[in-house]
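Those protein sequences? They're chains Z and B, same order as listed.
Heads up, the first sequence is in full-length UniProt numbering, so the first residue is 1 and it goes up one at a time.
Heads up, the second sequence is in full-length UniProt numbering, so the first residue is 1 and it goes up one at a time.
Ideal Cβ positions, reconstructed from N, Cα and C, are used throughout, including at glycine.
Since this is a predicted model, take the numbers as computed values, not measurements.
Some notes on the structure that comes next.
There are 2 protein chains.
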Amino acid sequence: MAISYNALAQTLQGRSTCFFFVPKALCIKQRSRSTVVFASNDKNIIALQSKVDNLLDRIKWDEKGLAVAIAQNVDTGAVLMQGFANREALSTTITSRKATFFSRSRSTLWTKGETSNNFINVLDVYIDCDRDSIIYLGTPDGPTCHTGAETCYYTSVLDQLIDDEASGEKLASTTLYSLESIISKRKEESTVPQEGKPSWTRRLLTDDALLCSKIREEADELCRTLEDKEEVSRTASEMADVLYHAMVLLSKRDVKFEDVLEVLRKRFSQSGIEEKQSRSK
Amino acid sequence: MAISYNALAQTLQGRSTCFFFVPKALCIKQRSRSTVVFASNDKNIIALQSKVDNLLDRIKWDEKGLAVAIAQNVDTGAVLMQGFANREALSTTITSRKATFFSRSRSTLWTKGETSNNFINVLDVYIDCDRDSIIYLGTPDGPTCHTGAETCYYTSVLDQLIDDEASGEKLASTTLYSLESIISKRKEESTVPQEGKPSWTRRLLTDDALLCSKIREEADELCRTLEDKEEVSRTASEMADVLYHAMVLLSKRDVKFEDVLEVLRKRFSQSGIEEKQSRSK
Chain Z
1 MAISYNALAQ TLQGRSTCFF FVPKALCIKQ RSRSTVVFAS NDKNIIALQS
51 KVDNLLDRIK WDEKGLAVAI AQNVDTGAVL MQGFANREAL STTITSRKAT
101 FFSRSRSTLW TKGETSNNFI NVLDVYIDCD RDSIIYLGTP DGPTCHTGAE
151 TCYYTSVLDQ LIDDEASGEK LASTTLYSLE SIISKRKEES TVPQEGKPSW
201 TRRLLTDDAL LCSKIREEAD ELCRTLEDKE EVSRTASEMA DVLYHAMVLL
251 SKRDVKFEDV LEVLRKRFSQ SGIEEKQSRS K
Chain B
1 MAISYNALAQ TLQGRSTCFF FVPKALCIKQ RSRSTVVFAS NDKNIIALQS
51 KVDNLLDRIK WDEKGLAVAI AQNVDTGAVL MQGFANREAL STTITSRKAT
101 FFSRSRSTLW TKGETSNNFI NVLDVYIDCD RDSIIYLGTP DGPTCHTGAE
151 TCYYTSVLDQ LIDDEASGEK LASTTLYSLE SIISKRKEES TVPQEGKPSW
201 TRRLLTDDAL LCSKIREEAD ELCRTLEDKE EVSRTASEMA DVLYHAMVLL
251 SKRDVKFEDV LEVLRKRFSQ SGIEEKQSRS K
């Protein structure tokens with residue numbers, strides 16, 4: 001089995017793994033940047049190799065030597081695809097940081113993206129309580145599905161049951177991204193003359209002054225729930241208002257919520273908002 | 001196979017399935033509430049039964065009659081657990097709206113929560129492009145893992161590789177919830193006297209006036225990216241600032257981001273923010 005333990009040492013040294021994925025004790029601040037203390041000399045590489053082997057020994061592989069491997073987008077939480085991993089696929093994923101699976105039909109190892117270039121860059125790997133199910137948590141370079149869809153899960157059973165003619169193309173979206181999708185649809189509609197009273201989202205999308213006054217107003221109301229010690233349920237409700245109106249602004253500017261989360265992830269994995277803000281005070 | 005198609009008809013009629021999970025064509029507005037047009041008479045129930053059977057026939061069950069079934073939290077996106085489904089488990093999940101699996105070790109059907117009462121209430125079911133992998137998208141009544149953890153995925157491979165003494169208890173969190181967790185840790189620290197300059201988050205957590213002035217300021221800066229037609233990348237960056245500071249306020253008030261998403265989901269599944277806002281204008 002050809003595994004690059006040098007690459008693994010680099011993985012553990014990688015700046016991008018710090019903050020979110022490396023225990024705090026192993027991070028030291030150095031010129032405002034976090035660096036993992038992990039020398040990649042031969043001794044450490046041998047120790048690493050032994051640790052990876054121990055870890056692979058702990059997985060409960062099934063009678064075919066496989067475990068379920070789920071690839072998930074670290075920013076959006078979307079389940080991108082699901083395959084199976086054997087020992088080699090898991091160790092390759094850990095060392096290469098590219099989501100790698102074992103193809104049951106072709107009986108070969110395959111790295112997602114090896115033909116499409118849409119790799120899934122793995123930031124960490126999680127194992128479940130039974131040690132027979134694995135999550136590859138990472139960032140996709142492009143659409144994961146071979147059909148060009150963002151994820152492989154775009155067929156809703158309820159859609160199919162209700163409507164024989166359903167397109168079968170509705171991503172398994174969580175609440176935030178369902179809302180983003182709705183706002184996006186309103187945006188498309190807002191360019192077409194509509195009969196009747198326009199929806200609130202369409203009004204916001206076509207009136208920048210209204211949208212901005214609402215965002216400032218809702219941010220103020222959120223603050224007042226703290227300042228005036230209002231009921232806690234008001235805070236959740238006002239934050240929902242802030243989020244919804246700000247998401248309309250994002251849509252207006254063609255910014256995806258995923259882009260915002262990427263900014264947050266990168267900030268924290270570098271010097272962190274906290275340091276940035278402290279320095280500027 | 002004992003399946004309640006009456007229950008399924010109710011599922012499809014259920015108000016909570018509307019907006020997010022039912023094609024728009026099947027929703028009509030009635031007294032400001034969305035109602036699915038789906039009469040549950042005998043004829044429709046027989047038609048439904050046939051549709052469910054057709055759908056079950058389309059799944060590529062493996063040689064043991066199983067497919068992978070992943071339960072995901074619709075609000076947070078967290079992968080809660082992974083099991084396997086056979087025909088009966090999937091049809092029971094569709095009709096009962098409780099995530100149901102087939103236990104390979106006990107060779108029986110089991111509904112998550114049947115002993116713990118921590119059911120996973122399924123809002124929709126998705127099938128992947130290969131039709132051999134299923135997502136149950138829903139809301140958990142409580143912790144999903146039998147250990148009491150929120151999800152079954154709390155063992156980080158990188159943690160284990162770096163530190164033999166790692167507690168092994170770090171949930172597979174996406175960016176937003178990693179940030180929430182960091183803020184929460186700063187909040188715990190903020191009650192203990194610390195040496196040196198406090199972090200920015202700790203300063204915000206202990207100074208309501210500073211926190212609220214920052215939230216108002218960041219909301220204003222977000223608006224100005226639209227008003228002043230600034231570069232689009234500024235919008236993502238300012239939204240990240242709004243989100244981070246607002247999340248500090250949520251933490252301060254013991255409100256989880258999940259609670260905010262629940263508010264948004266419920267609003268939209270009832271009359272929707274848009275209608276609510278339109279009525280108030």
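Given residue i as reference, the closest of the options once Cα atoms are compared
i: ASP124/Z; options: SER199/B, PHE101/B, THR174/B, ALA99/B; result: THR174/B
i: LYS185/B; options: ASN44/B, LYS43/B, VAL248/B, ASP62/B; result: VAL248/B
i: GLU230/Z; options: VAL255/B, ALA236/B, ARG87/B; result: VAL255/B
i: LEU176/B; options: TRP61/Z, ILE182/Z, ASP42/Z, PHE268/Z; result: PHE268/Z
i: GLU245/B; options: GLU169/B, GLU262/B, THR115/B, ASP207/B; result: Position check: residue 245/B holds His in this sequence, whereas Glu was assumed. Minimum Cα distance to HIS245/B is reached at ASP207/B.
i: ALA172/Z; options: ALA240/B, ALA67/B, VAL122/B; result: VAL122/B
i: PHE119/B; options: ARG87/B, LEU222/B, LYS187/B, CYS145/B; result: CYS145/B
i: LYS266/Z; options: GLU258/B, ASP241/B, GLU262/B, PHE257/B; result: ASP241/B
i: ARG224/Z; options: THR92/B, CYS212/B, SER156/B; result: CYS212/B
i: VAL157/B; options: ILE45/Z, GLU258/Z, ILE59/Z; result: ILE59/Z
i: SER181/B; options: ALA99/B, CYS129/B, ASN6/B, GLU258/B; result: GLU258/B
i: SER178/B; options: THR92/B, MET81/B, SER50/B, GLY77/B; result: GLY77/B
i: ALA209/Z; options: ASP228/B, PRO198/B, LEU210/B, GLU195/B; result: ASP228/B
i: ARG131/B; options: ASP62/B, GLU88/B, ARG106/B, SER50/B; result: ASP62/B
i: ARG104/Z; options: LYS64/Z, THR115/Z, THR92/Z, PRO143/Z; result: LYS64/Z
i: ASN117/B; options: CYS129/B, PRO143/B, THR92/B, THR95/B; result: PRO143/B
i: CYS129/Z; options: LYS197/B, LYS43/B, THR155/B; result: THR155/B
Distance CB(residue i)-CB(residue j) smaller than 8 angstroms
i: ARG202/Z; j: GLU189/Z; result: yes
i: LEU243/B; j: VAL260/Z; result: yes
i: LEU161/Z; j: LEU90/B; result: no
i: VAL68/Z; j: ILE127/Z; result: no
i: LYS98/Z; j: GLY113/Z; result: yes
i: ASP163/B; j: LYS170/B; result: no
i: LEU66/B; j: PHE102/B; result: yes
i: GLU221/B; j: GLU195/B; result: no
Cβ-Cβ separation, residue j to residue i (assumed contact under 8 angstroms), whole Å
i: LYS214/B; j: LEU226/Z; result: That belief does not hold up - the Cβ atoms of LYS214/B and LEU226/Z are roughly 12 angstroms apart, past 8 angstroms.
i: THR235/Z; j: LEU250/B; result: 7 angstroms
i: THR100/Z; j: THR111/Z; result: 4 angstroms
i: ILE45/B; j: ASN6/B; result: 6 angstroms
i: LYS187/B; j: LEU205/B; result: 5 angstroms
Heavy atom of the ligand GDP within 7 angstroms of residue i beta-carbon
i: ILE94/Z; result: This structure lacks the ligand GDP; in fact it carries no ligand of any kind.
Problem set entry | 3-residue-minimum beta strand (DSSP E) runs that sit fully inside the region 138-164 of chain Z, ordered along the chain | 153-156
Exercise. Would you say the region 46-66 of chain B touches the region 146-158 of chain B, given that touching needs at least three Cβ pairs under 8 angstroms?
Worked result: no
Exercise. Three or more beta-carbon pairs under 8 angstroms between the region 59-73 of chain B and the region 129-142 of chain B, yes or no?
Worked result: yes
Exercise. For the region 171-255 of chain Z, which segments carrying the alpha helix (DSSP H) assignment without a break, of at least 4 residues, lie completely within its bounds, in sequence order?
Worked result: 175-189, 200-206, 208-227, 232-252
Problem set entry | Contiguous beta strand (DSSP E) assignments of at least 3 residues, all confined to the region 58-101 of chain Z | 67-73, 79-85
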